[in-house]
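Student: Its first residue numbered 55, the sequence shown is counted upward by one per residue in the numbering used here.
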Amino acid sequence: MRVLISGGGTGGHVYPALAVAEQLRRVPASAPAAAPAAAVALPAGAPAAAQGHAAAGHGAVEPAAAPPAAVDAATGTPVLWVGSDHGMERALVERAGLDYAGINTGQVTGVNAARAAANMGRMAVGVRQSLRILARFRPTVCLVTGGYVCVPVVLACRLRGVPVMIYLPDMTPGSAIRSLSRLADRVAVSFPEVAPHFGGEAPAGKAVVTGYPVRQELVDAARDRRAARRQLAALLEEPALAAEALPLVLIWGGSQGARSINQATWGALPALLPHAHVLHVIGTRDWPLYEEHAAAQPLTDHAARYHPVDYLHDAMPVALAAADLTVARAGASSLGEFPVAGLPSVLVPLPHAGVNQQANADLLADHGAALVLDDATLATSLAPTVAGLLADPARLRTMADAATQLAIPDAAQRIARALAALQRTTT
Numbered sequence: 055m056r057v058l059i060s061g062g063g064t065g066g067h068v069y070p071a072l073a074v075a076e077q078l079r080r081v082p083a084s085a086p087a088a089a090p091a092a093a094v095a096l097p098a099g100a101p102a103a104a105q106g107h108a109a110a111g112h113g114a115v116e117p118a119a120a121p122p123a124a125v126d127a128a129t130g131t132p133v134l135w136v137g138s139d140h141g142m143e144r145a146l147v148e149r150a151g152l153d154y155a156g157i158n159t160g161q162v163t164g165v166n167a168a169r170a171a172a173n174m175g176r177m178a179v180g181v182r183q184s185l186r187i188l189a190r191f192r193p194t195v196c197l198v199t200g201g202y203v204c205v206p207v208v209l210a211c212r213l214r215g216v217p218v219m220i221y222l223p224d225m226t227p228g229s230a231i232r233s234l235s236r237l238a239d240r241v242a243v244s245f246p247e248v249a250p251h252f253g254g255e256a257p258a259g260k261a262v263v264t265g266y267p268v269r270q271e272l273v274d275a276a277r278d279r280r281a282a283r284r285q286l287a288a289l290l291e292e293p294a295l296a297a298e299a300l301p302l303v304l305i306w307g308g309s310q311g312a313r314s315i316n317q318a319t320w321g322a323l324p325a326l327l328p329h330a331h332v333l334h335v336i337g338t339r340d341w342p343l344y345e346e347h348a349a350a351q352p353l354t355d356h357a358a359r360y361h362p363v364d365y366l367h368d369a370m371p372v373a374l375a376a377a378d379l380t381v382a383r384a385g386a387s388s389l390g391e392f393p394v395a396g397l398p399s400v401l402v403p404l405p406h407a408g409v410n411q412q413a414n415a416d417l418l419a420d421h422g423a424a425l426v427l428d429d430a431t432l433a434t435s436l437a438p439t440v441a442g443l444l445a446d447p448a449r450l451r452t453m454a455d456a457a458t459q460l461a462i463p464d465a466a467q468r469i470a471r472a473l474a475a476l477q478r479t480t481t
């Protein structure tokens, strides 16, 4: 099996595919295709890894020739990632040790007519570039996870007869995924409730239920919260994180940060720091704003319990495993990472993300794993909501247990098996 992966634009399109790539590179390229992962309902009990964690205390230029695909120890499945020339995904993919080929692409919806026309031309160039990459890399199957870069890749794959699987992380498909799904052979989804959007589960429909793929590092770290807390303290060089027996609240806004969450957090710190450590992932965009705020309004009480960082790269899985509560957007990663970590959450759906984030938040809230706050009133609601949860450890444990019940920690392996099965049935 030789796998082409494409996705970009946001971390939500990149991180799930990185988790799958991690699994693929452990599988010998000549391994026989495994049976497809069975479509499963939400597990009635916690997976073993998650149970262990809960017990620990909480629940545009023509491209050069495509590079040789990354292969672990010369035996793993060859993987090549196709992204945009200047996309944010390049740094993340190359940081993970994967080979990357850049193509032209552009947004054609939600922009003015002149820009849409120009981007259609870029898209056509992207299709030609993708065809050249296919000729050099010779993939046997393609996985796409979203972003405009996927469109020329999928079109090229259809022209060359390469089977395509789309992975949809969210609870509801956007218009782009709905359109691309007509060209796909399979659509992997996180939960059974999403399958009807694609005609039901295979073989009658296109959907295969896999869960949300998370990095193996998170699965491993989630087995022991206390050990993760010590590891996080070492990574951040913050010994107090490990030494002081206070809860840890992880506040973040996704791969691009979130200004409303950042501003509400600064206002809430006096109410939170007497009761918890706060690890605040501000984002590089708002880091200058934090520096201005810190200079104008320095913390006086419990300042050592506030841990601001611009971004957590490789340490994010450990932070998720170490936290007792998280405040975050309701991006697709919340559906996979928080359950695997057994992590209760306060979710603030992004107002301009269509229905996706609200639907994601509603699923976790309906299962008792999250509370949902309105972005418009966050400045006044964040402090009392988080402080109330910190004052009620029993409720936090109940929310952690509810999150754990949704965990599918082997989702990346399931997608890898489904790709192998797709290759088998289409060749």
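Quick reminder that beta carbons are idealized off the backbone N, C-alpha and C, glycines included. Since this is a predicted model, take the numbers as computed values, not measurements.
1) Could you round the C-beta distance between residue 377 and residue 302 to whole angstroms and report it? I think they count as a contact, below 8 Å.
2) So residue 133 is in the beta strand (DSSP E); what residue range does that whole segment cover?
3) Just the Cα atoms here: how many angstroms apart are residue 388 and residue 316?
4) Which of the three DSSP states is assigned to residue 141 in this structure?
5) Are there 16 or more other CB atoms within 10 angstroms of the CB of residue 63, so buried, or fewer, so exposed?
6) Closest by CA to residue 403, which one among 75, 391, 418, 167?
7) Taking only three categories from DSSP, how would you classify residue 244?
8) Where DSSP assigns a beta bridge to residue 447, which residues make up the other side?
9) To the nearest angstrom, report how far apart residue 453 and residue 264 are at their CA atoms.
10) Return the CA-CA distance between residue 357 and residue 282, expressed in angstroms with no decimal places.
11) Could you compute how far the alpha carbon of residue 294 sits from the alpha carbon of residue 359?
12) Per DSSP, what are the beta-bridge partners of residue 380 in this structure?
13) For the beta strand (DSSP E) containing residue 154, list its first residue and its last residue.
14) Residue 66 and residue 385 - do their beta-carbons sit closer together than 7 Å?
15) When DSSP builds the beta bridges, which residues end up paired with residue 261?
16) I'd like the span of the alpha helix (DSSP H) that includes residue 67, first residue to last.
17) For a test of the three-state rule: what should DSSP assign to residue 502, helix, strand or coil?
18) Check residue 425 in the structure and name its three-state DSSP category.
19) Are residue 61 and residue 199 touching if we call contact CB-CB under 7 Å?
20) What residue range is occupied by the uninterrupted beta strand (DSSP E) comprising residue 332?
21) Straight-line CA distance for residue 460 to residue 259?
22) DSSP on residue 59, reduced to helix/strand/coil?
23) Are the Cβ atoms of residue 70 and residue 217 separated by less than 7 Å?
24) Could you tell me which of 421, 471, 425 sits nearest to residue 456, measuring between CA atoms?
25) Measuring CA to CA, which of 416, 395, 307 is closest to residue 362?
26) Please state the DSSP three-state secondary structure of residue 315.
27) With 16 as the cutoff for other CB atoms within 10 Å, does residue 134 come out buried or exposed?
28) Mind checking which residues open and close the beta strand (DSSP E) that includes residue 197?
29) Identify, in the order they occur along the chain, each residue of the same chain with its Cβ nearer than 7 Å to the Cβ of residue 449, setting aside the five sequence neighbours on each side.
30) Hey, out of 463, 432, 262, 411, whose CA is closest to residue 318's CA?
31) For the beta strand (DSSP E) that residue 362 lies in, which residues bound it at each end?
32) For residue 415, I'd like the list of residues in its chain whose CB is within less than 6 Å of its CB, leaving aside the five on either flank, ordered along the chain.
33) Could you have a look at residue 225 and say whether DSSP puts it in helix, strand or coil?
Tutor: Walking through what the data contain:
1) For the purposes of this step, residue 377 is taken as the residue at position 323 of the sequence shown. For the purposes of this step, residue 302 is taken as the residue at position 248 of the sequence shown. Sure, about 5 Å apart at Cβ, within 8 Å.
2) Your numbering for residue 133 matches position 79 in the sequence shown. Where residue 133 is concerned, the enclosing beta strand (DSSP E) stretches over 133-138.
3) Position 334 of the sequence shown, counted from the first residue, corresponds to residue 388. Position 262 of the sequence shown, counted from the first residue, corresponds to residue 316. Approximately 18 Å, taken between the alpha carbons.
4) Indexing the sequence shown from 1 puts residue 141 at position 87. Note: residue 141 maps to coil in three-state DSSP.
5) By 1-based counting over the sequence shown, the position of residue 63 is 9. Answer is buried; the Cβ neighbour count reaches 16.
6) Locating residue 403 in the sequence shown gives position 349, where the first residue counts as 1. Nearest option by C-alpha distance: 418.
7) Counting from one through the sequence shown, the residue named residue 244 turns up at place 190. In the structure shown, residue 244 sits in coil (DSSP, three-state: anything other than H, G, I, E or B).
8) Here the question's residue 447 lines up with position 393 in the sequence shown. According to DSSP, which records beta bridges pairwise, residue 447 is partnered with nothing at all.
9) Start at 1 with the first residue of the sequence shown, and residue 453 comes out as number 399. Start at 1 with the first residue of the sequence shown, and residue 264 comes out as number 210. Approximately 23 Å between the Cα atoms of the pair.
10) Within the sequence shown, residue 357 is the residue found at index 303, counting from 1. Within the sequence shown, residue 282 is the residue found at index 228, counting from 1. In a straight line, the C-alpha of residue 357 is about 23 Å away from that of residue 282.
11) Looking up residue 294 in the sequence shown gives position 240. Looking up residue 359 in the sequence shown gives position 305. When rounded, the distance between both Cα atoms is 8 Å.
12) Here residue 380 refers to the residue found at position 326 of the sequence shown. Residue 380 is bridged to 304, 399.
13) As a working mapping, residue 154 is identified with position 100 in the sequence shown. 153-157 is the extent of the beta strand (DSSP E) around residue 154.
14) In the sequence shown, counting from the first residue as 1, residue 385 sits at position 331. In the sequence shown, counting from the first residue as 1, residue 66 sits at position 12. Result yes, Cβ atoms of residue 385 and residue 66 sit closer than 7 Å.
15) Residue mapping note: residue 261 aligns to position 207 of the sequence shown, counting from 1. Answer by DSSP bridge pairing, in chain order: 241, 255.
16) Looking up residue 67 in the sequence shown gives position 13. Taken as a continuous stretch (DSSP letters only), the alpha helix (DSSP H) holding residue 67 covers 65-78.
17) In this structure the chain extends from 55 to 481, so residue 502 is not present and cannot be described.
18) Against the sequence shown, residue 425 aligns to sequence position 371. Residue 425: strand per DSSP, three-state reduction.
19) Here residue 61 is taken as the residue at index 7 of the sequence shown, counted from 1. Here residue 199 is taken as the residue at index 145 of the sequence shown, counted from 1. Their beta carbons are under 7 Å apart, which means residue 61 touches residue 199 by this criterion.
20) On the sequence shown, position 278 is the one that residue 332 refers to. Note, residue 332: beta strand (DSSP E), 331-335.
21) Locating residue 460 in the sequence shown gives position 406, where the first residue counts as 1. Locating residue 259 in the sequence shown gives position 205, where the first residue counts as 1. Their Cα atoms are separated by approximately 24 Å.
22) Taking the sequence shown and counting its residues from 1, the one referred to as residue 59 is at position 5. The answer is strand: DSSP assigns residue 59 an E or B state.
23) One-based indexing of the sequence shown puts residue 70 at position 16. One-based indexing of the sequence shown puts residue 217 at position 163. Not in contact: residue 70 and residue 217 (Cβ atoms no closer than 7 Å).
24) Looking up residue 456 in the sequence shown gives position 402. With distances taken between Cα atoms, residue 456 lies closest to 421.
25) Residue 362 sits at position 308 when you count from the first residue of the sequence shown. Closest by alpha carbon: 307.
26) Translated into the one-based positions of the sequence shown, residue 315 becomes position 261. Looking at residue 315 - three-state DSSP - the assignment turns out to be helix.
27) Here residue 134 corresponds to residue number 80 of the sequence shown, with the count starting at 1. Per the 10 Å Cβ criterion, buried.
28) Residue numbering aside, residue 197 sits at position 143 when the sequence shown is read from its first letter. From DSSP, the beta strand (DSSP E) with residue 197 extends over 195-198.
29) Stepping through the sequence shown from its first residue, residue 449 is reached at position 395. 443.
30) Reading the sequence shown from its first residue, position 264 is the one you call residue 318. Ranking 463, 432, 262, 411 by Cα distance to residue 318 puts 432 first.
31) Locating residue 362 in the sequence shown gives position 308, counting from the first residue. Its beta strand (DSSP E) spans residues 360-363.
32) Start at 1 with the first residue of the sequence shown, and residue 415 comes out as number 361. Closer than 6 Å at Cβ, skipping near neighbours: 384, 401, 403, 426.
33) Sequence index remark: in the sequence shown, residue 225 carries index 171 (1-based). The answer is coil: DSSP assigns residue 225 none of H, G, I, E or B.
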